[in-house]
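A.B. asks: Structure incoming, see below.
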Amino acid sequence: MTPEELHELAQAHLEADKKLSHCLFVCGAAACLAARSDAVIEAFQAAVKARGLEESVAVKNAGCMGLCALGPLVRVEPAGVLYQQVTPEDAGAILDGLGGPPVERLVCPTDVPFYQRQFNIVLENSGHIDSESLDDYVARGGYAALAKALTAMTPGQVVDEVTTSGLRGRGGGGYRTGLKWSTVAKAPGQKKYVICNADEGDPGAFMDRSVLESDPHRVLEGMAIAAYAVGANEGYIYVRAEYPLAIKRLADAIRKAQRAGVLGNAIMGTTFSFQVDLRLGAGAFVCGEETALISSIEGKRGTPRPRPPYPAEFGLWGRPTLINNVETFANVPAIVRNGGHWFASIGTEKSAGTKVFALAGRVVNTGLIEVPMGITLREIIYDIGGGIPEGRKFKAVQTGGPSGGCIPQQYLDMPVDYESLAQVGSIMGSGGMIVMDETSCMVDVARFFMDFCRTESCGRCVPCRVGTTHMHTLLTRITDGSATLDDLALLEELCEMVKQTSLCGLGQTAPNPVISTLRYFRDEYLAHIVEKRCPAGVCRMTRAPKEVAV
Amino acid sequence: MTTAVAAVSPPTDDKRWKMVETTMRKHGHQPNALIETLHKVQELFGFLDDDALRYVARMLRVPLSKVYGVATFYHYFTLKPQGEHTCVVCMGTACYIKGAATILEAIEDAFGIAPGQTTPDGKLSLLTARCLGSCGIAPALTIDGRMNAKGDPSAVVESLRKVIAT
Amino acid sequence: MTPVPIPAGRVKTLKIDGRDVSGYENQTILEIARENNIHIPTLCNLEGLDDIGACRLCLVEIKGLARLLPACVTRVQEGMEVLTDTERLRRHRRMVIELLLSERNHVCAVCVSNGHCELQSLAQTLGVNHVHVPYRYPRMAVDATHGRFGVDHNRCILCTRCVRVCDQIEGAHTWDVAGRGVEAMIISDLKQDWGASATCTSCGKCVQVCPTGALFVKGKAVGEMTKQREFLPYLTLMREGEK
Amino acid sequence: MSDTPRMPARIRMGTIWLEGCSGCHMSFLDMDERLIDLADKIEIVFSPYVDAKAIPDNVDVFLVEGGIGSDHDMEVIREIRRKTRVLVAFGDCAVTANVPSMRNGLDVGAVLRYGYEETGQPIQPQIPTQGIPALLPQVLPVHEVVPVDVYMPGCPPSADLIHFVVGEVLEGRLPGRGVRARFG
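Keeping their order, the protein sequence lines are chains A, B, C and D.
For the first sequence, our numbering begins at 1 and goes up steadily by one.
For the second sequence, our numbering begins at 1001 and goes up steadily by one.
For the third sequence, our numbering begins at 2001 and goes up steadily by one.
For the fourth sequence, our numbering begins at 3001 and goes up steadily by one.
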């Protein structure tokens, strides 16, 4: 398919859509699927057929529409009506009401902050296209950025555009994407690789899953543009085996893109070729670390190795390799299409663009959101998230997963950007945002993350392997009431040591949840240790000495 | 090298080994296809036994201890046969905050098994996941691959009983 | 092709602990330090085997860098100022030793390697006279099925010297690491009895490179197990010569 | 405990062995003629070497050999700590729990059954319970139960090391990391 044909296809598809009177987008992503949205789709299809509306009403299996807690969600276009908690039985009523006023009892208001405060780049297509349709993606401008890059830009210009955009790695570290690309582009060698890290490992994060399930072509396009920019012809998507739907949609998208000639050999009639293959992760958080991920793609144990040399010079099979995460790649088509300056104008000076967050925990509106950088935590939690349910009191918000920290009340008005989050002892991370109220015990939360880190430690370096185990033991002592103040001192000593001496990021950041909870909630630790009492009432304190037990 | 590969025959004449062989062939029997091949074996047979590991090792020319090292490094792989039905409880942060531990306890109590174990009658295997990526509907769990949203302990135990009875 | 161990490339000058030293650009800080009789403690490192930077004992401070770097895999750079023996490093090194001593069951008094053990001797030189982290006391196995050798997992510190020597020098790859985290352990073949291993050549190199009494020659009493490692740099050199 | 204790002219010393083999006490005696000099400076107020039955108050230095393996050890070590200014973990069993800790990965009941019922050919196999302290689930190093001031590793510590440590304590110094002795 040449760029011209691509354009024609988009036009034709738009024309065809115009012939329809209505289009129903049913969310088929994981959370809504759990609420049996597949049955809803079937019910709509049957109802359309029964009413003989096949020519005028289309039912599409669409991607995430954000409000996961209220699924299954159904969007009706062109009316723009959103329905929540739709059951198969509702299909008839919704169809019969098309053209007229919406079915009131099912309407999910979209003029609320949850939707109004968002700004969609990565999620611009989510819920607006059939996730399995290449045509739908193309009709909304898909692969136009790749066409522009291949026909109107040199690889160097593409790198410059990304550099201008100020895009930073969305996987957690916040490394400048443009700098990474130019390093790989400059690295000597004929053979280079592009890898998409889709091993979304943070417990409490599902941004990448949602993007892959809702808009898989977006990621493929981003990867192809990156490959062109750095001079690679082969790429891998390393995706979690626990995401079967994402795997299926990616595999399907790769096949369709190759058939359409927007991926594979001689893309869009140019001399540029780019082959993409999937590699399945197998349940190892540490494989989110670049060198471990490479080791895993090579079919080995996912143990990290010391850096330098960095993958940009010495990566997959020893070749220069570019690794970015799903959300980073998903930003690229929009940057190339609209220009780096456009992207840089969104967000803050040092943290450009938007960030997708998975909002979960003790908050009214749980789901997926995309907001401009620089928005405050309060706006996210109270305006978009609708606040804390059941009249409870906010205690902390956790960002960055097991490598991040818990941010207390006093920083709610802080802007969300890489630097501010780091300043208060957390990190941007990949986008998990877990809200906690007074029913959460911060020591228990720290113990939860340490349990995660010790089971996910690869076991190669001593501080991480044994240190996380001991820290978990000490935190368990605190939560069962048997700890002393010496144990607390030792815990702090281990935090410092493991942070400074571990081989890779997993170990170096494993103490963060403990450090941040100690920083803001030391009184909770002391209540457990000295008074043998859990203020939140979570810990059972079963080994507390009897004379002081409450 | 090809002769050595040709000399190896599958552990049994089960037709599924042909599909395993197809996966290996797709990757040119390269040692780096190890993880992909193990995924295939587990998908088809439900677990990885010594015979399977030995076969894959010979076919891909990977040392036995390396195959074993890989199979045990990744928690997605299991060396033990699973029960007829599988329940995976998500222990991700959002689910934990919303009481996943209580659900897990209820299942453990009701069926007398700990995570990683299978009931003596081979009906139910209980597993935990670090995150199912369904935090918006926490606490989440899957029963035979089907996602179950906003679980509550007694309801989950009830639906598990139903699944096992069928 | 230039053999890797032979120092090559440009000459770099740097400072280690305030002393002016120089080395080739493909040499590591550890190599240059050793050439200059500056002692940096190591455990997973062994001359003749690839370095993995895992034990973290050889971490050093580099002026202008917040991060500590492992001397065994960090190449020298012009103008580098390296500190190998600061109070911070001493503290971390003691903790590494304590972590290892607490991880499994190291009972020096009844060990074949008592008096010839690298872990024991490092504890002494680094001033670890007790362990203030909690002992784990895991239940570990002893495999005595091999005709000449034994492996006592209680004493294993997972340095993987045995895995590397078996793979890189002997070429048998009988050993590897199974599991992960604190559950990781050294296994032969499909975690079967060592004596039943189809791949083991009984060469004994793994036993000789093991820093503790985890791998030993059968029939040795307490303190009798001394290890011979001269073969390793020698073998490596011969092989490079043949390339 | 880090305060440097000021020692009287003749210090009151206790020694005890808990879960240990008495080897450290033998090594103490290996100081040979140096013991004569020490006798002028030390008064042994409680020890297997002397006849005291109860742990006296106001002990300046206590050398504790052995780990904490029974409920009786637990009581005794707490009493010693209460009555002692400088507590020395004397030898590997006290410092690391050493050989006695080799049962720590096993179940106590199983260890007792194996020892009293399953090995050898006992005539009337039974596990003694009366008048005997109950074993703890695990043998612990002394410092996991009470604070320790000086660690003296070794199995046993050499007479020279014991002489050095006792000498330091007599001078009112806590040697800390200055004790560079080998485990085992």
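Ideal Cβ positions, reconstructed from N, Cα and C, are used throughout, including at glycine.
Just so it is clear, the structure is predicted and the values come from calculations on it, not from any experiment.
What are the partner residues of Tyr83 of chain A, as DSSP defines its beta bridges?
C.D. replies: Sequence index remark: in the first sequence, residue 83 of chain A carries index 83 (1-based). Answer is A:Val74 and A:Val107.
A.B. asks: On the DSSP bridge assignment, give the partners of Trp2175 of chain C in chain order.
C.D. replies: Taking the first residue of the third sequence as position 1, residue 2175 of chain C is located at position 175. Paired residues: C:Ser2188.
A.B. asks: Grouping DSSP H, G and I as helix and E and B as strand, with all else coil, what is Pro372 of chain A?
C.D. replies: Position 372 of the first sequence holds residue 372 of chain A. Three-state result, Pro372 of chain A: strand.
A.B. asks: Please name the residue or residues paired with Trp3017 of chain D in a DSSP beta bridge.
C.D. replies: Position 17 of the fourth sequence, counted from the start, is the residue given in the question as residue 3017 of chain D. Paired residue(s): D:Glu3065.
A.B. asks: Could you tell me which residues DSSP puts in a beta bridge with His22 of chain A?
C.D. replies: Taking the first residue of the first sequence as 1, we reach residue 22 of chain A at position 22. Paired residues: A:Val57.
A.B. asks: Can you grab the Cα-Cα spacing for the pair Gln2124 of chain C / Leu123 of chain A, in whole Å?
C.D. replies: Counting from one through the third sequence, the residue named residue 2124 of chain C turns up at place 124. Counting from one through the first sequence, the residue named residue 123 of chain A turns up at place 123. If you take the alpha carbons of Gln2124 of chain C and Leu123 of chain A, they lie about 59 Å apart.
A.B. asks: Is the shortest distance between the beta-carbon of His1980 of chain C and the beta-carbons of chain A less than 7 Å?
C.D. replies: A question about residue 1980 of chain C goes unanswered here, because the residues of chain C that appear run from 2001 up to 2243.
A.B. asks: Going by other Cβ atoms of all chains shown within 10 Å of its Cβ, with 16 needed for buried, is Ser210 of chain A buried or exposed?
C.D. replies: On the first sequence, residue 210 of chain A is found 210 positions in, with the first residue counted as 1. Buried.
A.B. asks: State the start and end residues of the unbroken beta strand (DSSP E) segment that holds Met1147 of chain B.
C.D. replies: Residue 1147 of chain B sits at position 147 when you count from the first residue of the second sequence. Taken as a continuous stretch (DSSP letters only), the beta strand (DSSP E) holding Met1147 of chain B covers Arg1146 to Asn1148.
A.B. asks: Check the Cβ-Cβ distances between Arg3177 of chain D and every residue of chain C, and say whether any is below 7 Å.
C.D. replies: Here residue 3177 of chain D is taken as the residue at index 177 of the fourth sequence, counted from 1. Closer than 7 Å to some Cβ of chain C, the Cβ of Arg3177 of chain D qualifies, so yes.
A.B. asks: Taking only beta-carbon positions, decide if Pro3153 of chain D is within less than 7 Å of chain C.
C.D. replies: On the fourth sequence, residue 3153 of chain D is found 153 positions in, with the first residue counted as 1. Yes - at least one Cβ of chain C is within 7 Å of the one on Pro3153 of chain D.
A.B. asks: Helix, strand or coil for Thr484 of chain A, going by three-state DSSP, please let me know.
C.D. replies: The residue given as residue 484 of chain A occupies position 484 in the first sequence. Three-state result, Thr484 of chain A: coil.
A.B. asks: Contact check, Gly3105 of chain D vs Pro2138 of chain C under 8 Å by CB: the rounded distance?
C.D. replies: Residue 3105 of chain D sits at position 105 when you count from the first residue of the fourth sequence. Residue 2138 of chain C sits at position 138 when you count from the first residue of the third sequence. Confirmed, about 6 Å.
A.B. asks: Report the three-state DSSP secondary structure of Val122 of chain A (helix, strand or coil).
C.D. replies: In the first sequence, the residue the question calls residue 122 of chain A occupies position 122. Three-state result, Val122 of chain A: coil.
A.B. asks: Starting from Tyr2137 of chain C, find everything on chain D with Cβ-Cβ shorter than 7 Å and list it in chain order.
C.D. replies: Here residue 2137 of chain C is taken as the residue at index 137 of the third sequence, counted from 1. What Tyr2137 of chain C touches in chain D: Ser3101, Asn3104, Gly3105 and Gln3138.
A.B. asks: Going by DSSP, what residue range makes up the alpha helix (DSSP H) through Cys2162 of chain C?
C.D. replies: For the purposes of this step, residue 2162 of chain C is taken as the residue at position 162 of the third sequence. Where Cys2162 of chain C is concerned, the enclosing alpha helix (DSSP H) stretches over Arg2161 to Arg2164.
A.B. asks: Since Glu290 of chain A and Ile237 of chain A should fall inside the 8 Å C-beta cutoff, what is the C-beta to C-beta distance between them, to a whole number of angstroms?
C.D. replies: Here residue 290 of chain A corresponds to residue number 290 of the first sequence, with the count starting at 1. Here residue 237 of chain A corresponds to residue number 237 of the first sequence, with the count starting at 1. In fact, because the Cβ distance is near 15 Å, the residues do not count as touching under 8 Å.
A.B. asks: Using only the alpha-carbon positions, how far apart do Gly2195 of chain C and Ser2202 of chain C sit?
C.D. replies: For the purposes of this step, residue 2195 of chain C is identified with residue 195 of the third sequence, where counting begins at 1. For the purposes of this step, residue 2202 of chain C is identified with residue 202 of the third sequence, where counting begins at 1. Computed Cα separation, rounded: 9 Å.
A.B. asks: Tell me whether the stretch 395-407 of chain A and the stretch 194-204 of chain A touch, counting them as touching only if at least three CB pairs, one residue from each stretch, are closer than 8 Å.
C.D. replies: Touching, yes.
A.B. asks: Output yes if chain A places a C-beta closer than 7 Å to the C-beta of Ile1143 of chain B; else output no.
C.D. replies: Numbered from its first residue, the second sequence carries residue 1143 of chain B at position 143. No, Ile1143 of chain B lies away from the interface with chain A (no Cβ there is under 7 Å from its Cβ).
A.B. asks: Going by Cα to Cα distance, which pick from A:Ser295, A:Val57 and A:Trp181 is closest to Ser165 of chain A?
C.D. replies: Position 165 of the first sequence, counting from 1, holds the residue named residue 165 of chain A. Selected option, being the one with the closest Cα: A:Trp181.
A.B. asks: Between the stretch 455-465 of chain A and the stretch 474-486 of chain A, are three or more C-beta pairs nearer than 8 Å?
C.D. replies: Judged by Cβ distances under 8 Å, the stretch 455-465 of chain A makes no contact with the stretch 474-486 of chain A, as fewer than three pairs qualify.
A.B. asks: With three or more beta-carbon pairs closer than 8 Å as the criterion, would you say the stretch 486-499 of chain A touches the stretch 410-419 of chain A?
C.D. replies: Taking 8 Å as the limit for Cβ pairs, the verdict is that the stretch 410-419 of chain A does not touch the stretch 486-499 of chain A.
A.B. asks: Are the CB atoms of Gly3154 of chain D and Gly3091 of chain D within a distance shorter than 7 Å?
C.D. replies: Working through the fourth sequence from its first residue, we reach residue 3091 of chain D at position 91. Working through the fourth sequence from its first residue, we reach residue 3154 of chain D at position 154. Yes.
A.B. asks: Taking Ile2029 of chain C as the query, report the chain B residues whose CB atoms sit under 7 Å from its CB, ordered along the chain.
C.D. replies: Against the third sequence, residue 2029 of chain C aligns to sequence position 29. Within 7 Å Cβ-Cβ: nothing; Ile2029 of chain C doesn't reach chain B, min ~30 Å.
A.B. asks: Near Asp3057 of chain D, which residues of its chain fall below 6 Å by C-beta distance, leaving aside the five closest residues on each side in sequence?
C.D. replies: Here residue 3057 of chain D corresponds to residue number 57 of the fourth sequence, with the count starting at 1. So the qualifying residues of the chain are Lys3083.
A.B. asks: List the DSSP bridge partners of Glu2061 of chain C.
C.D. replies: As a first step, residue 2061 of chain C must be located in the third sequence, where it is residue number 61. Looking at the DSSP assignment, Glu2061 of chain C forms a beta bridge with C:Leu2083.
A.B. asks: Are Val162 of chain A and Ala149 of chain A close, meaning C-beta to C-beta below 7 Å?
C.D. replies: Translated into positions along the first sequence, residue 162 of chain A becomes position 162. Translated into positions along the first sequence, residue 149 of chain A becomes position 149. Cβ atoms of Val162 of chain A and Ala149 of chain A: not closer than 7 Å.
A.B. asks: Could one say the Cβ of Gly556 of chain A lies closer than 7 Å to chain B's Cβ atoms, at least one of them?
C.D. replies: With chain A represented from 1 up to 550, any question about residue 556 of chain A goes unanswered, as that position is not in the structure.
A.B. asks: Could you tell me which of A:Asp17, A:Gly189, A:Leu377 and A:Met541 sits nearest to Trp317 of chain A, measuring between CA atoms?
C.D. replies: As a position in the first sequence, residue 317 of chain A is number 317, starting the count at 1. The shortest Cα separation from Trp317 of chain A among A:Asp17, A:Gly189, A:Leu377 and A:Met541 belongs to A:Gly189.
A.B. asks: Could you compute how far the alpha carbon of Lys191 of chain A sits from the alpha carbon of Gly429 of chain A?
C.D. replies: Mapped onto the first sequence, residue 191 of chain A falls at position 191. Mapped onto the first sequence, residue 429 of chain A falls at position 429. The straight-line gap from Cα to Cα measures roughly 31 Å.
A.B. asks: Check the Cβ of Gln500 of chain A against every Cβ in chain C and list those closer than 7 Å, keeping chain order.
C.D. replies: Looking up residue 500 of chain A in the first sequence gives position 500. Result: Leu2068 and His2092.
A.B. asks: Please classify Asp135 of chain A as buried or exposed, where buried requires at least 16 neighbouring CB atoms within 10 angstroms.
C.D. replies: The sequence position of residue 135 of chain A within the first sequence is 135, counting from 1. With 16 or more Cβ atoms within 10 Å of its Cβ, Asp135 of chain A is classed as buried.
A.B. asks: Assign Tyr193 of chain A to one of three DSSP states: helix, strand, or coil.
C.D. replies: In the first sequence, the residue the question calls residue 193 of chain A occupies position 193. Residue state, collapsed to three classes: strand.
A.B. asks: Mind the definition here: the stretch 123-132 of chain A touches the stretch 64-84 of chain A only if three or more C-beta pairs lie below 8 Å; say whether that holds.
C.D. replies: Yes: the two stretches touch, three or more of their Cβ pairs being nearer than 8 Å.
A.B. asks: For the candidate residues B:Gly1122, B:Glu1105 and B:Ala1100, whose alpha-carbon lies nearest to that of Leu1141 of chain B?
C.D. replies: Working through the second sequence from its first residue, we reach residue 1141 of chain B at position 141. Among B:Gly1122, B:Glu1105 and B:Ala1100, the Cα nearest to that of Leu1141 of chain B belongs to B:Ala1100.
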